[in-house]
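S.K.:
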Amino acid sequence: MSAPDDSTRGVSVAVIGNPASDKGRGAAIDVQVVDLLREAGRRYGFAVSDLTGTSFDDSLSNAIHARDDYDHLVVVGGDGMIALGANAVASSGKPLGIVAIGSGNDFARGLGLPVNRVQVAVEGIVGAIVRGSHIDVDMGRITRLTDCDTVDHDTDHAVDRAAAVVSDASPRYYAGMLSCGVDAAINDRANHSRLPGGSLRYAAAAVAELSHLSSYGYHVRATLPDGRIWEQDLVTPLLTVANARYIGGGIEVSPYSLFDDGLLDLVWARRVPNLLECAALMRNAYNGRLLSSDVLGWRRIRAIEITRSDEGDEPPTLMADGEYVGALAVRVDAMGRSLRVLVPPAVARDQSWRSERGVIEAIRRDGRLDDADDAADAESAA
1 MSAPDDSTRG
11 VSVAVIGNPA
21 SDKGRGAAID
31 VQVVDLLREA
41 GRRYGFAVSD
51 LTGTSFDDSL
61 SNAIHARDDY
71 DHLVVVGGDG
81 MIALGANAVA
91 SSGKPLGIVA
101 IGSGNDFARG
111 LGLPVNRVQV
121 AVEGIVGAIV
131 RGSHIDVDMG
141 RITRLTDCDT
151 VDHDTDHAVD
161 RAAAVVSDAS
171 PRYYAGMLSC
181 GVDAAINDRA
191 NHSRLPGGSL
201 RYAAAAVAEL
211 SHLSSYGYHV
221 RATLPDGRIW
231 EQDLVTPLLT
241 VANARYIGGG
251 IEVSPYSLFD
261 DGLLDLVWAR
271 RVPNLLECAA
281 LMRNAYNGRL
291 LSSDVLGWRR
301 IRAIEITRSD
311 EGDEPPTLMA
321 DGEYVGALAV
331 RVDAMGRSLR
341 VLVPPAVARD
351 QSWRSERGVI
361 EAIRRDGRLD
371 DADDAADAES
381 AA
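Reminder that position 72 of the sequence shown reads as 72 in UniProt numbering, one-by-one numbering, no gaps.
1) Note down the Cα distance separating L238 from S214, rounded to an integer number of angstroms.
2) Would you kindly check if the distance between the Cβ of D79 and the Cβ of M335 is under 8 Å?
3) Here's the rule: buried if 16 or more other CB atoms are within 10 angstroms of the residue's CB, otherwise exposed. What is P196?
4) When DSSP builds the beta bridges, which residues end up paired with E252?
5) With a floor of 3 residues, list each beta strand (DSSP E) that falls wholly inside the segment 56-114, ordered by position along the chain.
6) Given a threshold of 16 other Cβ atoms within 10 Å of its Cβ, counted over all protein chains shown, does D156 qualify as buried or as exposed?
7) Give a yes or no on whether the minimum CB-CB distance between A66 and chain D is below 8 Å.
8) Could you check what DSSP says for R289 in three-state terms: helix, strand or coil?
9) Less than 7 Å separating the Cβ of A348 from some heavy atom of the ligand SAH?
10) Could you say if the segment 365-373 and the segment 289-300 meet the contact criterion of at least three C-beta pairs nearer than 8 Å?
11) According to DSSP, is L239 part of a helix, a strand, or is it coil?
12) Applying the criterion that 16 or more other CB atoms from any shown protein chain within 10 Å of the CB defines a buried residue, is S254 buried or exposed?
13) Would you give the residue range spanned by the beta strand (DSSP E) that L296 belongs to?
14) Decide if I306 is buried, meaning its Cβ has at least 16 other Cβ atoms within 10 Å, or exposed.
15) Going by DSSP, what residues sit across from A14 in a beta bridge?
16) Quick check on DSSP: helix, strand or coil for G312?
17) Which of the three DSSP states, helix, strand or coil, is assigned to A162?
18) Measuring only the C-alpha atoms, how far is L51 from V235?
19) In three-state terms, what does DSSP make of residue 394?
20) Which term fits D160, buried or exposed, when burial requires 16 or more other beta carbons within 10 angstroms of its beta carbon?
21) For the candidate residues F56, A320 and V99, whose alpha-carbon lies nearest to that of L73?
22) Ends of the alpha helix (DSSP H) at G358?
23) If you reduce the DSSP assignment to three classes, tell me which class G326 lands in.
24) If you follow the alpha helix (DSSP H) that V272 is part of, which residue opens it and which one closes it?
25) Would you list the residues sitting across from Y216 in a DSSP beta bridge?
26) Just verifying my parser: in three-state terms, what is the DSSP assignment at L369?
27) According to DSSP, is A334 part of a helix, a strand, or is it coil?
28) Span of the beta strand (DSSP E) holding R9?
29) Between the beta-carbon of G249 and the beta-carbon of S103, is there less than 8 Å?
30) To the nearest angstrom, how far is it from the Cα of G127 to the Cα of L266?
31) Going by C-alpha to C-alpha distance, which of A27, V359, G181 and A86 sits closest to D261?
32) Just to confirm my understanding: we take S61, look at its own chain, exclude 5 residues before and 5 after, and list those with CB closer than 8 Å. What are they?
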């Protein structure tokens with residue numbers, strides 16, 4: 001690859017890795033990425049700096065405070081690192097490059113970016129920097145509605161960190177999923193597992209949580225695409241506010257999600273499934289037909305307030321892109337095209353993940369047209 005012009009001369013690229021990942025083996029990958037980028041930087045004239053801190057919060061603080069000093073931010077790791085990058089550059093226009101490494105990588109998978117291929121990913125990022133190739137995608141923004149405990153990343157204990165984690169003044173952004181139910185409980189259990197390998201920890205955690213499903217109690221007040229309000233109590237094991245399609249290493253829990261439609265997708269379980277329904281859900285978990293089951297509810301939304309209902313079990317700690325957010329109550333807003341992502345030109349030209357027509361066909365196929373129109377349950381806004 002040769003630089004077509006001098007547009008990258010004087011450009012600065014910051015890198016944040018996750019040296020604690022994979023029981024500490026992530027440090028070697030971080031070094032590899034920095035070395036590859038610096039080699040490319042010598043060729044094309046851009047500078048590379050490493051802003052990796054001692055923890056998630058330390059790295060995020062570094063990225064935010066140095067934001068005026070870099071033109072592109074590159075993160076190395078799974079969806080949690082994308083969450084870090086999204087919060088660092090949210091609505092700034094600064095592009096985020098992704099080297100997707102790990103057991104999840106659901107956001108990168110949805111965009112068609114390389115997964116667990118370090119050199120290919122870095123080459124794609126360099127090509128995007130040189131060619132000025134990027135796409136703008138939506139995010140979810142989480143703010144607190146009331147005072148509640150939140151979770152410290154380093155201790156995993158509940159502590160009062162409202163100002164630091166989620167508040168009106170300091171919202172939390174996410175690119176993929178806000179998990180509020182059993183998916184959050186599985187993620188939390190996997191984080192505390194001593195089993196080797198991310199996939200094995202996640203699978204074992206899923207078996208443990210699914211073997212004794214809880215029905216959590218929520219009250220939701222959602223703003224629909226046309227501005228009407230849909231409000232009700234939900235007692236359910238599953239509640240997800242999705243911007244992306246995938247979770248848990250490729251489970252297509254929100255197959256109608258589009259990255260740039262300015263909307264989020266609310267997915268929940270209408271009831272605890274029986275064995276036959278569980279088998280059907282598992283069968284369709286990876287083929288885009290999960291929402292063909294009437295076990296699951298679905299709504300497109302612009303915003304949602306989620307609080308505790310009087311019925312049902314206490315919900316688990318909420319998690320966004322695999323990172324702890326805190327407890328209820330929260331408000332979530334769709335932030336249209338607020339995250340700029342570096343992608344190779346070929347990915348930028350690929351419109352497969354943008355296809356509104358394909359989504360409408362899937363909605364029709366799955367018998368969800370009434371839900372898409374929001375005609376059955378919507379109430380007029382007060």
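Ideal placement from N, C-alpha and C gives every residue a C-beta, glycine not left out.
M.R.: With the given structure in hand:
1) Computed Cα separation, rounded: 9 Å.
2) Result no, Cβ atoms of M335 and D79 do not sit closer than 8 Å.
3) By the neighbour-count criterion, in which 16 or more other beta carbons inside 10 Å mark a residue as buried, P196 falls on the exposed side.
4) Y246, per the DSSP bridge assignment.
5) You should have 72-77 and 96-100.
6) Its pLDDT being 42, under 50, D156 is placed unreliably in this model, and the value from its coordinates should be taken loosely. Exposed, because fewer than 16 other Cβ atoms sit within 10 Å of the Cβ of D156.
7) No chain D appears in the structure shown, which is made up of a single protein chain.
8) Correct three-state label for R289: coil.
9) The ligand SAH is absent from the structure shown, which contains no ligand whatsoever.
10) The segment 365-373 vs the segment 289-300: in contact.
11) If DSSP states are grouped into helix, strand and coil, L239 belongs with the strands.
12) Buried, by the Cβ-count rule.
13) Its beta strand (DSSP E) spans residues L296 to I301.
14) I306 should be labelled buried.
15) Looking at the DSSP assignment, A14 forms a beta bridge with S49 and L73.
16) Of the three classes helix, strand and coil, the one that applies to G312 here is coil, per DSSP.
17) At A162, the pLDDT of 34 sits below 50, so the modelled position is not reliable; the number obtained from the coordinates is stated separately. A162 falls in the coil class under three-state DSSP.
18) Taking the straight line joining both Cα atoms gives about 43 Å.
19) Because the chain in this structure spans residues 1 to 382, residue 394 falls outside the shown range and cannot be described.
20) Confidence at D160 is low in this model, with a pLDDT of 35, below 50, so its placement is unreliable and the value that follows should be read with caution. By the Cβ neighbour-count rule, D160 is exposed, with fewer than 16 other Cβ atoms within 10 Å of its own.
21) Checked all of F56, A320 and V99; the closest Cα to L73 is V99.
22) Unbroken alpha helix (DSSP H) run through G358: E356 to R365.
23) Of the three classes helix, strand and coil, the one that applies to G326 here is strand, per DSSP.
24) No alpha helix (DSSP H) contains V272, which DSSP labels as neither H nor E.
25) According to DSSP, which records beta bridges pairwise, Y216 is partnered with T236 and D313.
26) Three-state result, L369: helix.
27) In this structure, A334 counts as strand in the three-state DSSP scheme.
28) Per DSSP, R9 belongs to no beta strand (DSSP E) and is neither H nor E.
29) Yes. Within cutoff.
30) G127 and L266 have their C-alpha atoms spaced approximately 35 Å apart.
31) Looking at the Cα atoms, V359 is the closest of the given residues.
32) For S61, where only same-chain residues beyond five positions count, the Cβ hits under 8 Å are G53.
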